[in-house]
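>
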Amino acid sequence: MTGILFLVALGGYLAPAGSGGPPVRVLLENKGGKVILNHADHINDMGGQCADCHHTSGDDANPPACTDCHAAKFDAAFAANHQTALPETQCGSCHHAGATIDNFSHDDHMGDLTGGDCQACHHDTDIEAKPQACSNCHLDGSNSVPRLRDAAHARCADCHQDFYDDGLKGCANCHVRNPAPARDDEYRPCGACHTVPTDQLVPPSMAAFHGQCRGCHEKNGSGPFAEDACDQCHMQ
1437 MTGILFLVAL GGYLAPAGSG GPPVRVLLEN KGGKVILNHA DHINDMGGQC
1487 ADCHHTSGDD ANPPACTDCH AAKFDAAFAA NHQTALPETQ CGSCHHAGAT
1537 IDNFSHDDHM GDLTGGDCQA CHHDTDIEAK PQACSNCHLD GSNSVPRLRD
1587 AAHARCADCH QDFYDDGLKG CANCHVRNPA PARDDEYRPC GACHTVPTDQ
1637 LVPPSMAAFH GQCRGCHEKN GSGPFAEDAC DQCHMQ
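The sequence shown begins at 1437 in the numbering used here and counts up one residue at a time.
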């Protein structure tokens, strides 16, 4: 009887605030001990700004749950099932129609950054009589020269190794993501453009929660974030 009462009480404790509303508390299953996240308190602490925790705009009244996109493990099962398991509105969060180089300024490089020395970026006259667009020779198909992405990255890294040391964060120094494709069949796998594994592009749920929750607590100097504070969130 005590066990039944406990389960009933726990169910009420974790029940959502109401139909369509944000949950009061969220139970996070975890091998290190279950976590009960007081969602309502966090909403109050953040002044109702969902985007402080969720990757969404502050105007989104119903942001996706973290586990909608951050899988427990990015494996073959996830790859096979995620199209039906995840909400369609979130496809564009991971898949997009490529990236422009809108943040790259040729004028700045031609002037201040190279002092007018075109060969700082372009080949010398043995290969091209005068500088031309990289895409004239470096194509994305199979040919005898490196494809455009690889050639450009190799050349840019000569001066901008710090961008590459920053990993994905460094991409925005040159690239701007295009909107999501108009048709479902235009979605490409992450590996079509990115050379790093999926779990480095999109952190698994445990890494996402630890990074977001502990990072915020550490930034604010309150709540659990230290290595020895696990029991403040996890139930043993």
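Glycine included, each C-beta is placed from N, C-alpha and C at the ideal position.
Since the model is a prediction, treat every value here as computed from it, not as a measurement.
1. Where does residue 1641 land, buried or exposed, given buried means 16+ other C-beta within 10 angstroms?
2. How many whole angstroms separate the CB atoms of residue 1504 and residue 1526, which I take to be in contact at a CB cut-off of 8 Å?
3. Across the stretch 1513-1520 and the stretch 1492-1502, are there enough close Cβ pairs to call them in contact, namely three or more that are closer than 8 Å?
4. For a quick check, are the C-beta atoms of residue 1638 and residue 1530 less than 8 Å apart?
5. Please list, in chain order, all residues of the same chain as residue 1636 whose beta carbon is under 7 Å from its beta carbon, the five residues on each side excluded.
6. Per DSSP, what kind of secondary structure is residue 1634 in: helix, strand or coil?
7. I'd like the list of long-range same chain contacts for residue 1453, defined as Cβ closer than 8 Å, with 5 residues on each side in sequence excluded.
8. Consult DSSP for residue 1604 and reduce its assignment to one of helix, strand or coil.
9. Restricting to runs no shorter than 4 residues, where is the alpha helix (DSSP H) found entirely within the stretch 1518-1596?
10. Measuring CB to CB, does residue 1570 end up less than 8 Å from residue 1587?
11. For residue 1491, name the three-state secondary structure that DSSP assigns.
12. Would you call the CB atoms of residue 1540 and residue 1595 closer than 8 Å?
13. Short check: CB of residue 1558 to CB of residue 1616, under 8 Å?
14. For the alpha helix (DSSP H) holding residue 1622, just list the boundary residues, first then last.
15. Starting from the C-beta of residue 1556, find all residues in its chain whose C-beta is less than 7 Å away, skip the five residues before and the five after it, and write them out in chain order.
16. Rounded to whole angstroms, what's the CA-CA distance from residue 1509 to residue 1643? Just pull it up for me.
17. Would you list the residues sitting across from residue 1472 in a DSSP beta bridge?
18. Give the secondary structure of residue 1506 by DSSP, where H, G and I count as helix, E and B as strand, and everything else as coil.
19. What does a CB cutoff of less than 6 Å around residue 1661 pick up in its chain, not counting 5 residues either side in sequence?
20. Looking at the unbroken alpha helix (DSSP H) that takes in residue 1645, where does it start and where does it end?
Short version:
1. Working through the sequence shown from its first residue, we reach residue 1641 at position 205. The residue is buried, with at least 16 neighbouring Cβ atoms inside 10 Å.
2. Numbered from its first residue, the sequence shown carries residue 1504 at position 68. Numbered from its first residue, the sequence shown carries residue 1526 at position 90. With a Cβ gap of about 6 Å, residue 1504 and residue 1526 count as contacting.
3. no
4. To locate residue 1638, count along the sequence shown from 1; it is residue 202. To locate residue 1530, count along the sequence shown from 1; it is residue 94. Yes, these two residues count as a Cβ contact at 8 Å.
5. If you number the sequence shown from 1, residue 1636 lands on position 200. Same-chain partners within the cutoff: there are none.
6. In the sequence shown, the residue the question calls residue 1634 occupies position 198. Residue state, collapsed to three classes: helix.
7. Numbered from its first residue, the sequence shown carries residue 1453 at position 17. Low confidence applies here, because residue 1453 scores a pLDDT of 41, under 50, leaving its location unreliable and the question unanswered by this model.
8. Sequence index remark: in the sequence shown, residue 1604 carries index 168 (1-based). Residue 1604 sits in a helix when the DSSP states are folded into three classes.
9. 1527-1530, 1584-1592
10. Position 134 of the sequence shown holds residue 1570. Position 151 of the sequence shown holds residue 1587. In contact: residue 1570 and residue 1587 (Cβ atoms closer than 8 Å).
11. By 1-based counting over the sequence shown, the position of residue 1491 is 55. Residue 1491 falls in the coil class under three-state DSSP.
12. If you number the sequence shown from 1, residue 1540 lands on position 104. If you number the sequence shown from 1, residue 1595 lands on position 159. Taking 8 Å as the Cβ cut-off, residue 1540 and residue 1595 do not qualify as a contacting pair.
13. Here residue 1558 is taken as the residue at index 122 of the sequence shown, counted from 1. Here residue 1616 is taken as the residue at index 180 of the sequence shown, counted from 1. Not closer than 8 Å, so no.
14. Residue 1622 sits at position 186 when you count from the first residue of the sequence shown. First-last for residue 1622: undefined, no H or E at that position.
15. Start at 1 with the first residue of the sequence shown, and residue 1556 comes out as number 120. Closer than 7 Å at the Cβ level, and outside the excluded window around residue 1556, lie 1550.
16. The residue you call residue 1509 lines up with position 73 of the sequence shown. The residue you call residue 1643 lines up with position 207 of the sequence shown. Spanning the two alpha carbons is a distance of roughly 10 Å.
17. The residue given as residue 1472 occupies position 36 in the sequence shown. Note: residue 1472 sits in a beta bridge opposite 1463.
18. If you number the sequence shown from 1, residue 1506 lands on position 70. Three-state DSSP puts residue 1506 in coil, outside helix and strand.
19. Against the sequence shown, residue 1661 aligns to sequence position 225. Scanning its chain for C-beta atoms nearer than 6 Å, with the 5 sequence neighbours on each side dropped, one finds around residue 1661 the residues 1650, 1653, 1654, in chain order.
20. Taking the sequence shown and counting its residues from 1, one reaches residue 1645 at position 209. Start and end: 1641-1645.
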